[in-house]
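Let me begin by presenting the structure, written as structure tokens, before commenting on it.
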Amino acid sequence: MEENKNKQKFELFELGTVDEVVARFGGIKLLEEIQYEVPPVPMFGEQCPNADAGKSHLLRHPAIYYAKVSDYKMIGSAAFPIIQNKSIRHQFFSAEYWETSEQAMMCCYIREEQNLIGYTYINSYQQFTCSVINLVGNGSYNFAHWMTEFLPQLVLLRNAAVDLSGYKVLVDSRAFPSMLEALFLLGVSDEQLIKIDELSLNEFPEALWVSPVANVVFQRPKAMLSSELDKLTEPYHTIFHPEVLRITRDTFIGLMLEQPYDSTPEKIFIKRFPGRRYHARSIINEYAIQHKLEAEGFVSIEPSRLTFTEQIKFFSKAKYIVGASGAALLNMIWAPQGAKVIVLMNDSKVANYWYFSNIAFSVGHQLSYVLGKIDNTGNWHDIHHADFEIDLGAVVSALESAGLQIAEHPAVNKPVSDALEIAKLYQASGHLDKATAVYLDVLEIEPEHAEANHNLGLIEAQCQDAVAALGRFERAVLAKPEVEQYWVSYIESLIQTGAMESVADALDLGMNYGLRAAIAQKLAANVIDGFDIN
Numbered sequence: 000m001e002e003n004k005n006k007q008k009f010e011l012f013e014l015g016t017v018d019e020v021v022a023r024f025g026g027i028k029l030l031e032e033i034q035y036e037v038p039p040v041p042m043f044g045e046q047c048p049n050a051d052a053g054k055s056h057l058l059r060h061p062a063i064y065y066a067k068v069s070d071y072k073m074i075g076s077a078a079f080p081i082i083q084n085k086s087i088r089h090q091f092f093s094a095e096y097w098e099t100s101e102q103a104m105m106c107c108y109i110r111e112e113q114n115l116i117g118y119t120y121i122n123s124y125q126q127f128t129c130s131v132i133n134l135v136g137n138g139s140y141n142f143a144h145w146m147t148e149f150l151p152q153l154v155l156l157r158n159a160a161v162d163l164s165g166y167k168v169l170v171d172s173r174a175f176p177s178m179l180e181a182l183f184l185l186g187v188s189d190e191q192l193i194k195i196d197e198l199s200l201n202e203f204p205e206a207l208w209v210s211p212v213a214n215v216v217f218q219r220p221k222a223m224l225s226s227e228l229d230k231l232t233e234p235y236h237t238i239f240h241p242e243v244l245r246i247t248r249d250t251f252i253g254l255m256l257e258q259p260y261d262s263t264p265e266k267i268f269i270k271r272f273p274g275r276r277y278h279a280r281s282i283i284n285e286y287a288i289q290h291k292l293e294a295e296g297f298v299s300i301e302p303s304r305l306t307f308t309e310q311i312k313f314f315s316k317a318k319y320i321v322g323a324s325g326a327a328l329l330n331m332i333w334a335p336q337g338a339k340v341i342v343l344m345n346d347s348k349v350a351n352y353w354y355f356s357n358i359a360f361s362v363g364h365q366l367s368y369v370l371g372k373i374d375n376t377g378n379w380h381d382i383h384h385a386d387f388e389i390d391l392g393a394v395v396s397a398l399e400s401a402g403l404q405i406a407e408h409p410a411v412n413k414p415v416s417d418a419l420e421i422a423k424l425y426q427a428s429g430h431l432d433k434a435t436a437v438y439l440d441v442l443e444i445e446p447e448h449a450e451a452n453h454n455l456g457l458i459e460a461q462c463q464d465a466v467a468a469l470g471r472f473e474r475a476v477l478a479k480p481e482v483e484q485y486w487v488s489y490i491e492s493l494i495q496t497g498a499m500e501s502v503a504d505a506l507d508l509g510m511n512y513g514l515r516a517a518i519a520q521k522l523a524a525n526v527i528d529g530f531d532i533n
């Protein structure tokens, strides 16, 4: 392997086609071309600005091939592989409506009229002597793109009885452990992995190439410019091969059959809080939605905290799934056919209403959207990723339309104040078992009672650990975010559990409510102390 950094060099390649590669290297067909009709997408909440979402559409995905090719190059995170100095674009690629990640970063220039593509600002040059399978491209570190465009390539090769042991597997250096776990389940070893950095140019003598398993526009041209807000997304901008998604689902579900899992709820709410703040598509009133859904028997979850195997098992019996538009929704594919999926999303004109709906259609689910008004929080540049507020009544309407009867919950008349005072006295006197029992009685009456959850969390942190208490503290914060002590307990618990990525977001959010800046600074200092600089 050799390395030579030269950021100023301009790498120019001819654009090539999938058909050319198949013809030159004798491509073997994995799946036939498919044509299918997707139904209209039901909408609730704010009015959908794209009339095409209310119509059915006929879509087509080309056949999928694989071939052993020579003189193979790839640029880390770039959209197209390079075979014998031709950049092999997706069949439906058009610069008119499809902008690649590297184009957005001003590192790539495409001239379709001249059949040329050029790259600049290459970070490093690497030469290898091994044969490879490439699972790197636009968004390959994102769970949704990984699950629909990259991981399925390996699944198809495995199902075609291809011996994978003789190949190194290229993965994005930013890939999460849960994504790599999926490869290990397919029999790939850690020693087979080569982690590829962004904008590195890598050369290999041979590769096992798979043609695109999806033709999905990475983003619309000039997405970050506030002036580009009127170009509507089209259904053909998001075309999956339904059989690819079904085969991927069935393969991993089959691998899980020998590992039974008891905690498999039928109703799931996918939380965004306390996820990343910037470009997060955050739901401003998520806590109100979470409270209502949990009262209806939904179990709230942040899938990113689970391993890949745990995510499969957790969603394996889901009948109803509600969540904001985001990568975690891809876990819908593990649910049994016929699941009802409710996606919460902002009402921007440029939104893509077919990404998740076409995935849901492919695996036999029924999907609808609840649209919320955009809130200009200042946490986004691309309006597609803007924060928004959802009308709770619209969520209820969507669920009822999907066949779920929403119960009326009469106000509880039984007072809890006396019981709470007794529990606090027990806690203060050290009778923690008795205090726990009374707090649990209070929570049976009022599950979201902030003080009861917080105080019970303190007991669990003392008698068990911070992991056990974290959920209690989070409920307290969600119920009464104006109480500073609840934020302190919650953030300290996040620090103790090692959830450092969530701490910064919690600090930011807390300061918007009851957390004073001086206290936030002290908590932030604890985060720094929590890192091992050695």
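Residue numbering for the sequence shown follows numbering that gives the first Met the number 0, starting at 0 and increasing by one per position. Backbone N, C-alpha and C fix where the C-beta goes; we use that ideal spot for every residue, glycine too.
Asked, Found
"8 angstroms Cβ cutoff met for G75 and V135", "yes"
"Whether R248 touches W333 by CB criterion (8 angstroms)", "yes"
"CA-to-CA distance, E447 to Y286, given in whole angstroms", "11 angstroms"
"Reduced DSSP category for N214 - H, G, I as helix; E, B as strand; rest coil", "strand"
"CA-to-CA distance, A505 to F142, given in whole angstroms", "23 angstroms"
"Spatial distance of G322 from I341 (CA atoms)", "7 angstroms"
"Exposure label - N133; buried when at least 16 CB within 10 Å", "buried"
"Environment of H144 [buried if 16+ CB atoms lie within 10 Å]", "buried"
"Helix, strand or coil at W353 according to DSSP, with G and I counted as helix", "coil"
"Meets three-Cβ-pair contact criterion under 8 angstroms: the region 117 to 133 and the region 309 to 328", "no"
"Straight-line Cα distance separating L30 from D18", "15 angstroms"
"6 angstroms CB neighbourhood of K266 in its chain, flanking five on each side removed", "G296, F297 and Y319"
"Local conformation of L362 per DSSP, three classes", "Sequence inspection shows Val at residue 362; the Leu mentioned does not correspond to that position. Correct three-state label for V362: coil."
"Span of the alpha helix (DSSP H), counted from its first residue to its last, around G253", "P241 to M255"
"Inter-stretch contact (C-beta, 8 angstroms, three-pair minimum) for the region 300 to 308 and the region 176 to 190", "yes"
"Whole-angstrom distance between S501 and L155, CA atom to CA atom", "36 angstroms"
"Assigned exposure category for T191 - 16 Cβ within 10 Å defines buried", "Looking at the sequence itself, residue 191 is Gln, so the reference to Thr does not match. Q191 should be labelled buried."
"Segment contact flag, the region 453 to 460 with the region 471 to 478, C-beta cutoff 8 angstroms, min 3 pairs", "yes"
"8 angstroms Cβ cutoff met for D346 and L370", "yes"
"Alpha helix (DSSP H) runs contained entirely in the region 457 to 500, provided each spans 4 or more residues", "465 to 478 and 483 to 496"
"For I389 and I282, believed in contact at Cβ under 8 angstroms, the rounded distance", "6 angstroms"
"Collapsed DSSP secondary structure at M104 in the structure displayed", "coil"
"Validate contact between the region 107 to 119 and the region 31 to 40 using beta carbons, cut 8 angstroms, 3 pairs", "no"
"Under the three-state DSSP convention, the category R275 falls into", "Interpretation of R275 is limited by its pLDDT of 46, a score under 50 that renders its predicted location unreliable; the figure taken from the coordinates is listed afterwards. DSSP places R275 in coil when its eight states are reduced to three."
"Cβ-Cβ distance between L198 and N122 below 8 angstroms", "yes"
"Selection from K316, P335 and A350 that minimises the alpha carbon distance to S324", "A350"
"Cα-Cα separation, I363 to Q484", "Note on residue identity: the sequence assigns Gly, not Ile, to residue 363. Straight-line Cα distance between these residues: approximately 46 angstroms."
"Coarse secondary structure for A385, derived from DSSP in three states", "coil"
"Same chain only: Cβ atoms within 8 angstroms of I300, ignoring 5 sequence neighbours per side", "I267, F268, I269, K270 and F313"
"Selection from K54, F12, R59 and L184 that minimises the alpha carbon distance to Q34", "R59"
"Beta carbon of F12 nearer than 8 angstroms to that of V68", "no"
"E101 burial status per 10 Å Cβ neighbour count (16 or more: buried)", "buried"
"Residue from Y120, F92, V20 and K479 whose Cα sits closest to the Cα of H290", "K479"
"Separation of D507 from G513, as counted between CA atoms", "11 angstroms"
"Test item: CB-CB of F239 and W97 under 8 angstroms", "no"
"Counted within 10 angstroms of its Cβ, other Cβ atoms place E481 as buried (16 or more) or exposed", "exposed"
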